[in-house]
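>
There are 2 protein chains.
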Amino acid sequence: MLTMKNNHMPDENNIADMVRPTEVKHFVTYTMARVQAKLNAQGAAILKRHSKLSLVQWRVIALLASGNCDSLTTLCRLSGMDKGQVSRKLTQLVSDGLVRSRLDEEDHRSQKLSLTDEGLVLYDRILPIMRSRQAHITGEISQDELAILLEMLGRIETAADRRDF
Amino acid sequence: MLTMKNNHMPDENNIADMVRPTEVKHFVTYTMARVQAKLNAQGAAILKRHSKLSLVQWRVIALLASGNCDSLTTLCRLSGMDKGQVSRKLTQLVSDGLVRSRLDEEDHRSQKLSLTDEGLVLYDRILPIMRSRQAHITGEISQDELAILLEMLGRIETAADRRDF
DNA sequence: ATGCATCCGTTGACACATCAAGGAGCAGAC
DNA sequence: GTCTGCTCCTTGATGTGTCAACGGATGCAT
Numbered sequence: 001m002l003t004m005k006n007n008h009m010p011d012e013n014n015i016a017d018m019v020r021p022t023e024v025k026h027f028v029t030y031t032m033a034r035v036q037a038k039l040n041a042q043g044a045a046i047l048k049r050h051s052k053l054s055l056v057q058w059r060v061i062a063l064l065a066s067g068n069c070d071s072l073t074t075l076c077r078l079s080g081m082d083k084g085q086v087s088r089k090l091t092q093l094v095s096d097g098l099v100r101s102r103l104d105e106e107d108h109r110s111q112k113l114s115l116t117d118e119g120l121v122l123y124d125r126i127l128p129i130m131r132s133r134q135a136h137i138t139g140e141i142s143q144d145e146l147a148i149l150l151e152m153l154g155r156i157e158t159a160a161d162r163r164d165f
Numbered sequence: 166m167l168t169m170k171n172n173h174m175p176d177e178n179n180i181a182d183m184v185r186p187t188e189v190k191h192f193v194t195y196t197m198a199r200v201q202a203k204l205n206a207q208g209a210a211i212l213k214r215h216s217k218l219s220l221v222q223w224r225v226i227a228l229l230a231s232g233n234c235d236s237l238t239t240l241c242r243l244s245g246m247d248k249g250q251v252s253r254k255l256t257q258l259v260s261d262g263l264v265r266s267r268l269d270e271e272d273h274r275s276q277k278l279s280l281t282d283e284g285l286v287l288y289d290r291i292l293p294i295m296r297s298r299q300a301h302i303t304g305e306i307s308q309d310e311l312a313i314l315l316e317m318l319g320r321i322e323t324a325a326d327r328r329d330f
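Next comes the structure, spelled out in structure tokens:
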């Protein structure tokens, strides 16, 4: 086997190095993927424990309850979720009786979305649970630190927009 | 969770935010989900531009090239990826001639994984591209800030382990 | 050696993510 | 009018993420 040439040199930015136990903690993309996965798992587990909602379903309900959106497009713009997926989730939620979808009289392309009474009851029941979870997650972090965290995530988000590598 | 209405901090890099200010962007879980999605999209786009690899395929190759793992289980432990998913990706990579899988003579449950010469050539070609991307992402952040970010992510990760809500 | 817990990897099932194509409605230009 | 281009939403295709069940292999205790 003539693989001597493939003796890769160590390098601070070498992806291969990020798997070394000593360095794995220092890579942002790597860490974020792991933390994100855990947050998703936690959210899904909590919802499963207290309802039959999936994470996406809950997000849709919460966004509608917030009063900041009333159509699929505005909901997607707000959350960054994909139109297609949200559309599918909405048909579920409507058939489950949690969300009401009525034709927008002023624009027949659009639909006015709102929670049903049942959806609102569910929201009111789940909300405090998710709030306490949120408090637990951010509990160890001061407001100032939280602002810094969000600001840095914003910078990473901007860096992630570049595609010309 | 979604009803905090104070103190909106404009994100100059996000048009949607300026059009319709909202508080959703100030929640860590939502923000991380969005940033993570963008990072994934960026990685996938870069790989598509320079190869036919998917993000997961690249990660598997990079992990194998690192020399820190040589079986499915160790690979999964290192990366946190799901063994089922990695198993499927490996069969693809083997049939594409990038990875070699041989029975472990000392433990017939396990398989010895390694990159083929072709896989190594591909790795050497893609690595510098991904390295410059990594540098671009972390270049926006100073070392001190990076330490703070990772430390906070660590705290969030710990908080995400709790399930009894 | 026999039972048994455990580990390795595969597979199935399902939810979620992303992208693209397309129908229907609307609005402006002509 | 009607052409054109845009928006709202649906649907399909494909890839990714997560969980669970399974069979084979191993090691250990009895």
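Protein chains in written order, with this note's numbering: chain A, 1 to 165; chain B, 166 to 330. Every residue gets a Cβ at the ideal spot worked out from N, C-alpha and C, and that includes glycine.
Could you confirm whether any beta carbon from chain A is found closer than 8 Å to the beta carbon of B:Lys248?
Not one chain A Cβ lies under 8 Å of B:Lys248.
> Which residues in the same chain have their Cβ closer than 8 Å to the Cβ of A:Glu12, if we skip the five residues on either side of it in sequence?
For A:Glu12, the pLDDT reaches just 37, beneath the cut-off of 50, and the residue's location in the model is therefore unreliable, although a value from the coordinates is still provided. Nothing meets the Cβ criterion.
> Pull up the CB-CB distance for B:Lys203 and A:Ala45, whole angstroms please, since I reckon it's below 8 Å.
With a Cβ gap of about 26 Å, B:Lys203 and A:Ala45 do not count as contacting.
> Report the partner residues of B:Ser367 according to the DSSP bridge assignment.
Outside the shown range of chain B (166 to 330) lies residue 367 of chain B, about which nothing can therefore be said.
> Rounded to whole angstroms, what's the CA-CA distance from A:Glu140 to A:Arg163? Just pull it up for me.
Distance between the alpha carbons of A:Glu140 and A:Arg163 is about 35 Å.
> In chain order, what residues of the same chain lie with their CB nearer than 8 Å to the CB of B:Met317, ignoring the 5 residues before and after it?
Excluding residues within five positions, none has a Cβ falling inside 8 Å.
> Out of B:Leu212, B:His215 and B:Ala227, state which residue places its alpha-carbon closest to the alpha-carbon of B:Leu280.
Minimum Cα distance to B:Leu280 is reached at B:Ala227.
> Using a beta-carbon distance below 8 Å, is A:Leu150 in contact with chain B?
Judged by the 8 Å Cβ criterion, A:Leu150 is in contact with chain B.
> Between B:Ser236 and chain A, is there a C-beta pair that is closer than 8 Å?
Closer than 8 Å: no.
> Since A:Gln57 and A:Lys89 should fall inside the 8 Å C-beta cutoff, what is the C-beta to C-beta distance between them, to a whole number of angstroms?
Indeed they touch by this definition, with Cβ atoms about 6 Å apart.
> Does B:Thr187 come within less than 8 Å of chain A when only Cβ atoms are used?
With a pLDDT of 41 at B:Thr187, under the threshold of 50, the predicted position of this residue should be treated as unreliable, and no value is reported.
> If you draw a straight line from the alpha carbon of B:Thr323 to that of B:Arg242, how long is it in whole angstroms?
Spanning the two alpha carbons is a distance of roughly 18 Å.
> Is it the case that the Cβ atoms of B:Leu315 and A:Thr31 are separated by a distance below 8 Å?
Result yes, Cβ atoms of B:Leu315 and A:Thr31 sit closer than 8 Å.
> Measuring only the C-alpha atoms, how far is A:Asn6 from B:Leu285?
Any reading at A:Asn6 must be qualified, since the residue scores a pLDDT of 37, below 50, and its modelled position is unreliable; no value is offered.
> Does DSSP put B:His301 in a helix, a strand or coil?
Three-state DSSP puts B:His301 in a helix.
> Answer yes or no: the CB of A:Val60 versus the heavy atoms of the ligand GTP, is any distance below 7 Å?
Within the structure as shown, the ligand GTP is missing, as the structure has no ligands at all.
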